[in-house]
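There are 2 protein chains.
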Amino acid sequence: MQIVNEHRRKDIHNSDIPTVCAACEARHGGVCGTLTPEQLFDLSRHSTRRSIEPGREVIGQGETTDSYANIINGVVKLSKVLADGRQQIVGLQFAPDFMGRPFTRESALTAEAAVDTDICCFPRTVIDRLVSEAPSLEHRLHEQALKELDEARDWMLTLGRKTAQEKVASFLYIIATHIDPEKGTANEFDLPLSRADIADYLGLTIETVSRQITKLRKDNVIRIENSRHVTVPSLDRLMHVAGID
Amino acid sequence: MQIVNEHRRKDIHNSDIPTVCAACEARHGGVCGTLTPEQLFDLSRHSTRRSIEPGREVIGQGETTDSYANIINGVVKLSKVLADGRQQIVGLQFAPDFMGRPFTRESALTAEAAVDTDICCFPRTVIDRLVSEAPSLEHRLHEQALKELDEARDWMLTLGRKTAQEKVASFLYIIATHIDPEKGTANEFDLPLSRADIADYLGLTIETVSRQITKLRKDNVIRIENSRHVTVPSLDRLMHVAGID
DNA sequence: TCGGCGACTTGATCAAAATCAAAGGCCGGT
DNA sequence: ACCGGCCTTTGATTTTGATCAAGTCGCCGA
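Protein chains in written order, with the numbering used here: chain A, 1 to 245; chain B, 246 to 490.
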């Protein structure tokens with residue numbers, strides 16, 4: 001795991017404070033936006049940039065989390081496992097999401113990079129201190145929590161009540177609308193998840209996922225190259241198949 | 246829907262400020278605890294007590310929500326429906342939970358009483374004002390959101406990866422541990438949900454729920470009277486069947 | 001007391017997805 | 001280029017839970 005820590009380096013060479021965190025800020029418009037220049041400086045002095053290759057675990061279920069992080073680019077899987085190994089992905093985080101569970105040190109889930117991912121880490125102690133100083137930062141974290149709650153509940157409807165076909169279409173819709181934070185919806189993209197991951201996200205088996213993707217392809221809802229590159233000719237059509245009104 | 250508004254009445258007769266909201270506070274130890282006496286007085290002047298009979302909708306999906314509420318007693322179902330009527334309960338709220346979605350007026354879900362339920366409502370405008378004045382209130386709301394997020398993600402594992410048998414046992418476990426906020430876990434209780442509701446919570450059909458309950462009864466994991474009253478001889482055994490380690 | 005209705009249970013059959021099994025295809029390394 | 005491994009696809013069969021279809025139970029009102 002490569003540690004870049006470009007903030008600290010930059011900070012040493014000059015003290016152009018407001019732009020210290022600019023590399024992150026420009027791309028994830030996230031936590032930093034709510035802070036004063038002084039707080040931003042404080043935060044940036046302690047932040048470290050990390051690159052994570054796919055499959056590498058960021059935080060394990062039950063482990064102690066010592067940091068928060070902004071996702072600069074890439075995709076992170078949040079998952080839970082049953083004692084016998086059955087696994088469920090309970091959330092996907094895309095840039096510019098903020099990762100981390102405030103007010104608890106024990107992680108109830110595992111966070112793992114799905115593709116090559118860059119994150120900007122902040123020590124828990126620093127964020128916690130800033131939160132107590134700046135209500136606007138807590139507000140920001142609160143909104144992130146509410147967003148994740150809405151997404152989790154939407155996904156519960158998918159898990160509990162949709163057919164395999166609708167589940168796979170719903171997954172593709174999620175990816176199309178989240179993979180590129182710049183432009184809202186992409187009609188062509190690379191899947192950030194393997195078939196096994198998709199199965200764990202949808203509560204299905206690999207085989208069922210594969211068969212449903214094949215069916216979507218044969219029905220001309222999507223096109224696929226190299227099993228990872230997807231083209232969606234009509235998002236409306238995909239949404240319709242996904243059961244999204 | 247009966248409107249009691251005991252706070253306002255009490256307020257008129259005397260101004261013993263810190264105990265104005267005591268009827269609620271004592272039982273849900275919730276939002277009120279974080280406020281100053283002045284803020285509490287402010288809030289209590291606007292709060293109204295409502296009794297809701299089972300099946301009555303509190304807030305409809307897509308409707309505008311004008312209030313927040315504390316649940317005094319009872320159980321509220323939060324659900325989502327697909328265009329064709331398929332339904333999924335995405336959360337249950339027990340006393341002393343706080344209900345309401347901060348920072349948005351559109352409700353993405355339907356809230357409905359599952360049994361006779363009393364709630365204490367606060368107008369959105371008042372809570373929103375207090376939140377901006379008192380960071381501790383936002384903190385309290387933030388914690389509630391994180392708790393609901395954790396519960397939602399736990400339930401996603403149940404929906405996506407557990408068998409019908411494990412789902413039903415998981416449901417019974419949830420009820421046993423939440424139905425009575427006083428004592429932590431009840432080994433005897435009335436189910437607050439009909440078989441149809443349980444099915445919608447578990448992503449199953451009524452028939453499957455019924456069969457699995459029968460099986461749990463035959464396996465002596467639970468005893469049932471009148472189809473609603475449940476006795477759990479051994480919580481460990483129930484947890485084991487539920488796949489909870 | 002007798003219907004009658006709604007909620008629940010039970011049984012028979014069906015279908016969707018899981019499981020078991022065997023190829024393909026792609027990629028990196030030799 | 002060839003091999004080996006992993007990921008993915010496809011096929012055959014089984015299983016789980018859904019669907020269809022009767023009942024049963026409890027309760028309320030006539």
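We put the CB at the ideal spot given by N, CA and C, even for glycine. Note that the structure is predicted; figures quoted are calculated from it, not measured.
- Determine which residues of the segment 383-416 of chain B have a Cβ less than 8 Å from any Cβ of chain A, and write them out in chain order. Taking a C-beta cut-off of 8 Å against chain A, the contacting residues of the segment 383-416 of chain B are Glu383, His384, Leu386, His387, Glu388, Ala390, Leu391, Glu393, Leu394, Asp395, Ala397, Arg398, Asp399, Trp400, Met401, Leu402, Leu404, Gly405, Arg406 and Lys407, listed in chain order.
- Message: Could you pull the DSSP bridge partners for A:Val76 from this structure?
- Response: Note: A:Val76 sits in a beta bridge opposite A:Gln93 and A:Ala113.
- Rounded C-beta distance between A:Ala95 and A:Pro181? I'm assuming under 8 Å. Contact check for A:Ala95 and A:Pro181: beta-carbon distance about 5 Å, within the 8 Å limit, so the pair qualifies.
- Item | Among B:Asp373, B:Ile317, B:Gly307 and B:Ile316, the one whose alpha carbon lies nearest that of B:Lys325 | Looking at the Cα atoms, B:Gly307 is the closest of the given residues.
- Task: List the whole-angstrom C-beta distance separating B:Leu391 from A:Pro102, where the pair is believed to meet the contact cut-off of C-beta under 8 Å.
- Result: Yes, they are in contact, since the Cβ atoms of B:Leu391 and A:Pro102 sit about 7 Å apart, within 8 Å.
- Item | Near-chain B residues of the segment 91-115 of chain A (beta-carbon distance less than 9 Å), N- to C-terminal order | Along the segment 91-115 of chain A, going in chain order, the ones with a CB nearer than 9 Å to a CB of chain B are Gly91, Arg101, Pro102, Phe103, Thr104, Ala108 and Leu109.
- What residues from the segment 300-330 of chain B come within 7 Å of chain A, judged by C-beta to C-beta, listed N to C? Against chain A - using a Cβ distance shorter than 7 Å - the residues of the segment 300-330 of chain B are Lys325, Leu327 and Ala328.
- Message: Quick test of the definition: if touching needs 3 or more C-beta pairs under 8 Å, does the segment 99-114 of chain A touch the segment 47-59 of chain A?
- Response: Touching, yes, given that three or more Cβ pairs across the two stretches are closer than 8 Å.
- Query: Do we get a CB-CB distance below 8 Å when we pair A:Asp245 with the residues of chain B?
  - Reply: At least one chain B Cβ lies under 8 Å of A:Asp245.
- Item | Outcome for B:Arg290 when other beta-carbon atoms lying within 10 angstroms are tallied against a minimum of 16 | The residue is exposed, with fewer than 16 neighbouring Cβ atoms inside 10 Å.
- Query: Can you list the residues of chain B that A:Gln88 reaches, using a CB-CB cut of under 7 Å?
  - Reply: Around A:Gln88, the beta-carbon contacts reaching into chain B at under 7 Å are Met401, Leu402, Gly405 and Arg406.
- Message: Could you compute how far the alpha carbon of B:Thr422 sits from the alpha carbon of B:Arg473?
- Response: Spanning the two alpha carbons is a distance of roughly 16 Å.
- Query: Using the rule of at least 16 other Cβ atoms within 10 Å of the residue's Cβ for burial, across every protein chain shown, is A:Glu225 buried or exposed?
  - Reply: A:Glu225 is exposed by the Cβ-count criterion.
- Quick one, are the C-beta atoms of A:Leu309 and B:Leu327 less than 8 Å apart? In the structure as shown, chain A starts at 1 and stops at 245, and residue 309 of chain A therefore has no counterpart that could be examined.
- Task: Would you kindly report the start and end of the unbroken beta strand (DSSP E) that includes A:Asp190?
- Result: First-last of the beta strand (DSSP E) with A:Asp190: Glu188 to Asp190.
- Range covered by the beta strand (DSSP E) that runs through B:Val475: Start and end: His474 to Thr476.
- Is B:Ile297 near B:Thr362, with beta carbons less than 8 Å apart? Between B:Ile297 and B:Thr362, the gap from beta carbon to beta carbon is short of 8 Å.
- Task: Using 10 angstroms around the beta-carbon of A:Gly91, count the other beta-carbons present and answer buried if the total reaches 16, otherwise exposed.
- Result: A:Gly91 should be labelled buried.
- Query: Any Cβ of chain B within less than 8 Å of the Cβ of A:Pro192?
  - Reply: By this cut-off, A:Pro192 is not an interface position.
- At 8 Å on the CB atoms, spell out the chain B contacts of A:Pro135, in chain order. Neighbours of A:Pro135 on chain B, chain order: Pro380 and Glu383.
- Task: Look at the alpha carbon of A:Glu38 and the alpha carbon of A:Ser194, and state the distance between them as a whole number of angstroms.
- Result: Each residue's alpha carbon lies about 43 Å from the other.
- Separation of B:Ser415 from B:Asp399, as counted between CA atoms: Near 10 Å, if we compare the C-alpha coordinates of B:Ser415 and B:Asp399.
- Query: Just how far apart, CA to CA, sit B:Asp395 and B:Lys463?
  - Reply: If I take the Cα positions, the gap works out to 33 Å.
- Task: Note down the Cα distance separating A:Gly29 from A:Gly74, rounded to an integer number of angstroms.
- Result: Because the pLDDT of A:Gly29 is 47, which lies under 50, any placement of that residue in the model is unreliable, and the question is left without a value.
- Please classify B:Val466: does DSSP put it in a helix, a strand, or coil? Here B:Val466 carries a coil assignment [DSSP, helix/strand/coil].
- Task: Please confirm whether A:Gln212 and A:Gln165 have their CB atoms less than 8 Å apart.
- Result: Contact: yes.
- Is the beta carbon of A:Val221 less than 8 Å from the beta carbon of A:Leu204? Not a contact, by the Cβ cut-off of 8 Å.
- Does A:Gly184 come within less than 8 Å of chain B when only Cβ atoms are used? For A:Gly184, the answer is no, since every Cβ of chain B falls outside 8 Å of its Cβ.
- Task: Drop a sphere of 10 angstroms on the beta-carbon of A:Glu207, count the other beta-carbons inside from all chains shown, and report buried for 16 or more, exposed for fewer.
- Result: By the 10 Å Cβ count, A:Glu207 comes out exposed.
- Closest by C-alpha distance to A:Val168, when choosing among A:Asp128, A:Phe122 and A:Ile244: Selected option, being the one with the closest Cα: A:Ile244.
- Query: Can you check whether the CB of B:Phe286 is closer than 8 Å to the CB of B:Asn315?
  - Reply: A distance of 8 Å or more separates the beta carbons of B:Asn315 and B:Phe286.
- Query: My guess is that A:Thr246 and A:Arg223 are in contact by the Cβ rule of under 8 Å, so how many angstroms apart are they, rounded?
  - Reply: With chain A covering only 1 through 245, there is no way to say anything about residue 246 of chain A.
- Message: Are the CB atoms of B:Glu378 and B:Thr309 within a distance shorter than 8 Å?
- Response: At the C-beta level, B:Thr309 and B:Glu378 stay beyond 8 Å of one another.
- With distances taken Cα to Cα, identify the nearest neighbour of B:Tyr313 among B:Leu480, B:Ala397, B:Cys366 and B:Ile420. Looking at B:Leu480, B:Ala397, B:Cys366 and B:Ile420, the one whose alpha-carbon comes closest to that of B:Tyr313 is B:Cys366.
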